[in-house]
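This report refers to the structure that appears directly beneath it.
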Amino acid sequence: MSEQDRTGLEPQSIAAAHGVASDPAFGAVAPPLYMSSTYEFAGYEQPRAYDYGRLANPTRDLLVEALAQLEGGAGAVVTSSGMAAIDLLVGRLRPTDLVVAPHDCYGGTMRLLKARAERGHIRLRLVDQGDEAAYAAALAEGAALVLIETPSNPLMRVVDIAALAARAKAAGAAVAVDNTFLSPALQQPLALGADHVIHSTTKYINGHSDVIGGAVISADADQAAQLRQWANVVGCGGAPFDAWLTLRGLRTLFARMEMQQANAMAIARHLEAHPAVAAVHYPGLPSHAGHAVAARQQRGFGAMLSFDLVGGAEAAKRFIAAVRVFTLAESLGGVESLVAHPATMTHADMGEEARAVAGIGDGLLRLSVGLEAERDLIAGLESGLSAC
Ligand SMILES: *Cc1c(COP(=O)(O)O)cnc(C)c1O
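For what it's worth, numbering that gives the first Met the number 0 labels the leading residue of the sequence shown as 0, then goes sequentially.
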């Protein structure tokens, strides 16, 4: 689609302008939105670049190209949700194939993997990604696909992608990293040895809490082409309007990330010094167990963090009733700040026992830090904390 040669441009430039001024019909600067489901053939046995919208759409392809370039991949598939992106990889596997996934992976991912395993579509091993022996044992069973999530949700545990990927590949497994929490602006797993990157573009890539979408970006062109075909087989491609909105959101990804993570760092420092707070989980703090690995493999520490209140469940309840500026909601990565209570919201399905094993207490709160002014964010949290 894109007429201009943009090879060699910095990632910020790709995000800001991929597909700009590429409209052959009218020279539109903002890429047009093509809603058509089907395309006229030029004549007998003469299809054009596009024939049917399930396989490919010009608007969606601009997003595909931009995401592939931002992650340093050979190609990508844009899907209707982050879950569809994960299932694009998992749903193609065979009943004998083993998937190794983190025991504290995103709740929706857990539900999908368990559902597929229960139906006999895959074999599944859930491991603590930080436990070397458990990881080695799972790989030794002959893993076909290893899923990695870092930083993890909601405790922001960080694992070394290069080390885990090297071991998985030595064992013959493909490696997919869910990069939703950082976006390509802050972490590029393919450069660290992963085969695929997964995104819920619902989060930072779109960034405005108004689209559900996903993507898989692959390092290898042949793999990318196979996934594109599989997306056509199962029909999980993203809608054109969603792609158009997501491309619009992507324009400001780098600027948003920079300001949101600066706000998150200020908040993490403030919370760490607060008497009502027992622990802060933010990879940007030197006290965080994954700080050194995060500093090495990430370009920034991101805008997600969580913290434990000294007063437990009761304090969390009072905090939520009194907090300002932050909206009580699930999801993350938007321009507006959100607060979630994992034990009763995102991680309620897990059950109390599994939460205790994972370290998700009743006094844990998760923040997705947005673009509001730092002093308003801190004042908003202070109203909550003073009620604890
Ligand atoms: C939200 C999320 C998903 C699922 O994406 P949807 O767009 O909601 O389907 C997957 N992984 C992570 C880490 C997420 O935060």
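Heads up, the beta-carbon is just placed ideally off N, CA and C, and yes, glycines get one too.
According to the DSSP assignment, residue 121 belongs to no beta strand (DSSP E), since it is labelled neither H nor E. Our two residues, residue 163 and residue 142, have alpha carbons roughly 13 Å apart in a direct line. Shown here, residue 97 sits in a strand according to DSSP, grouped into three states.
Separation of residue 46 and residue 36 (C-alpha to C-alpha, rounded to the nearest whole angstrom) is 14 Å.
Residue burial annotation: residue 51 is exposed, with fewer than 16 other C-beta atoms found within 10 angstroms of its C-beta. Runs of the alpha helix (DSSP H) spanning 4 or more residues and lying entirely within the segment 155-185 occur at 160-169, in chain order.
The beta strand (DSSP E) runs of length 3 or more contained entirely in the segment 231-319 are, from start to end of the chain, 276-280 and 303-308. Boundaries for residue 367: no alpha helix (DSSP H) harbours it, while the beta strand (DSSP E) harbouring it runs 363-367, taken from the DSSP string.
Taking the Cβ of residue 237 as the reference point, every heavy atom of ligand 1 lies at 7 Å or farther away. In the three-state reduction of the DSSP assignment, residue 48 falls in the coil class, being assigned neither a helical nor a strand state. Not one heavy atom of ligand 1 falls within 7 Å of the beta-carbon of residue 56.
Here DSSP, grouped into helix, strand and coil, assigns residue 54 to coil. Between ligand 1 and the CB of residue 203, the shortest heavy atom gap is not smaller than 7 Å.
For residue 342 and residue 361, the gap between their C-alpha atoms comes out near 6 Å. Exclusion of residue 301 from the 7 Å shell around ligand 1 follows from its C-beta lying no nearer than that to any non-hydrogen atom of the ligand.
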